[in-house]
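So for the sequence shown, our numbering puts the first residue at 474; every next one is plus one. Beta carbons are placed, not taken as given, at the ideal position from N, Cα and C, and that holds for glycine. Below: the structure, in structure tokens.
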Amino acid sequence: MRKEIKKVCKRIALAAAAFCAVITLGKSDVKAQDIQMGNLEIGQTKTVTLQSSTGRDNFYFHFATPKNASFKISVALIERRNKKTNEIADGGYTHVKATIDYKDIWSKYTWHNDGTYTSPEFAYAPGKDCTIRIDDVDDWYKYTYQITVDKVAYLNFEKENNNFPTAATTLKNKKTANGILNDGDTDWYVFKAPKTGKYKFSVVNSNIEDGGYFHCEGYKNKNKVDYGKGAYIWQGHGWYKINTLKLKKGKKYYIKISSGSREGIHYQIKVKKVK
Ligand SMILES: [Ca+2]
Ligand SMILES: [Ca+2]
474 MRKEIKKVCK RIALAAAAFC AVITLGKSDV KAQDIQMGNL EIGQTKTVTL QSSTGRDNFY
534 FHFATPKNAS FKISVALIER RNKKTNEIAD GGYTHVKATI DYKDIWSKYT WHNDGTYTSP
594 EFAYAPGKDC TIRIDDVDDW YKYTYQITVD KVAYLNFEKE NNNFPTAATT LKNKKTANGI
654 LNDGDTDWYV FKAPKTGKYK FSVVNSNIED GGYFHCEGYK NKNKVDYGKG AYIWQGHGWY
714 KINTLKLKKG KKYYIKISSG SREGIHYQIK VKKVK
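Take a look at the structure:
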């Protein structure tokens with residue numbers, strides 16, 4: 474009797490495996506599509522409904538990075554309906570990824586009816602193509618999204634790509650500079666003394682979100698670090714003095730910001746003539 478049951482079970486298992494194989498074969502016959510969904514306007518919310526015929530399609534959106542501003546991406550999966558019955562289907566998610574210059578800058582699983590997911594802020598050279606890809610779109614459902622790219626403008630904002638001393642952003646006396654340190658980012662600044670005198674260089678971690686740090690260091694010139702004039706700049710610790718030094722008219726001093734502990738750290742730098 475037991476043997477009989479075992480035999481039946483084995484047959485059922487084999488049949489199920491064969492059935493699955495047929496389904497898998499059927500799915501892999503349909504080629505996944507790369508679907509271009511057009512451009513996003515900065516500051517405007519786009520509402521789109523996505524339907525995948527294979528469950529493996531990729532949906533692409535593009536926008537150009539703004540000038541003199543950072544940007545952030547917000548995504549909300551506001552509706553998921555059964556394709557056949559058109560009934561609202563609770564639960565479920567898809568995947569969103571943003572890429573610039575082949576670097577993935579943001580990746581998130583976005584759940585249905587879970588509010589808006591907002592990326593950290595990113596600062597890039599203006600006019601770069603940022604691609605937003607949505608995938609994991611199940612072929613049983615249609616998904617409605619709201620996508621927004623916002624820019625955030627700052628006074629005296631850093632000028633990316635300032636990742637090298639030769640491309641350093643200019644600092645001006647008594648003008649507070651604003652910057653954002655992204656993952657793998659380095660921000661160089663240069664100050665050219667308008668008059669001979671003593672100048673004080675200060676920096677602050679201006680994040681609102683608790684925690685995090687970055688490194689700030691003074692440089693006597695493009696290649697020569699000013700030893701002892703560096704510090705880790707923590708969130709919530711206020712302004713740090715990096716250096717006070719005498720500069721002759723026309724002499725330059727460099728500041729390097731690097732090694733952020735997380736994505737999208739805000740900071741400010743100021744230079745003040747003290748004598
Ligand atoms: Ca930066
Ligand atoms: Ca940079």
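Distance, residue j Cα to residue i Cα
i      : j      : result
Gln708 : Ser525 : 44 Å
Glu736 : Asp656 : 5 Å
His739 : Leu550 : 28 Å
Ile515 : Trp712 : 33 Å
Lys500 : Ser543 : Unreliable placement is indicated for Lys500, whose pLDDT of 49 sits below 50; the coordinate value is still reported in the next sentence. Using only the alpha carbons, I get a separation of about 41 Å.
Pro599 : Val698 : 30 Å
Asp683 : His710 : 11 Å
Ala442 : Glu690 : Given that the chain is displayed from residue 474 to residue 748, the structure contains no residue 442 and the question cannot be resolved.
Ile605 : Lys693 : 41 Å
Asp602 : Leu513 : 11 Å
Lys714 : Ile730 : 14 Å
Ala596 : Ala626 : 11 Å
Val663 : Ala537 : 27 Å
Leu523 : Ile728 : 47 Å
Ala650 : Ala505 : 47 Å
Pro539 : Phe630 : 12 Å
Lys673 : Thr643 : 16 Å
Asp611 : Gly588 : 20 Å
Gly685 : Asp574 : 26 Å
Ile653 : Glu594 : 8 Å
Closer than 6 Å: residue i CB and nearest ligand 2 heavy atom
i      : result
Glu633 : yes
Asp612 : no
Asn651 : no
Asn531 : no
Any non-hydrogen atom of ligand 1 within 6 Å of residue i CB
i      : result
Asp683 : no
Asp660 : yes
Ala596 : yes
Same chain, Cβ closer than 7 Å to residue i, neighbours up to 5 away in sequence not counted
i      : result
Gly723 : Lys665, Ala666
Ala562 : Arg553, Arg554, Asn555, Tyr614
Cut-off 6 Å between Cβ atoms - residues of its own chain near residue i, not counting five sequence neighbours on either side
i      : result
Ala494 : With a pLDDT of 42 at Ala494, under the threshold of 50, the modelled position of this residue cannot be trusted, and the question is left open.
Leu719 : Looking at the sequence shown, residue 719 is not Leu but Lys. Excluding positions up to five away in sequence, the list reads Lys671.
Val569 : Val548, Lys581, Thr583, Ile607
Lys624 : Ile515, Pro539, Ala542, Phe544
Cut-off 8 Å between Cβ atoms - residues of its own chain near residue i, not counting five sequence neighbours on either side
i      : result
Asn696 : Pro638
Thr518 : Gln619, Ile620, Thr621
Tyr590 : Ser547, Val548, Ala549, Val569, Lys581, Thr583
Lys745 : Asn646, Lys647, Tyr672, Lys673, Ser675
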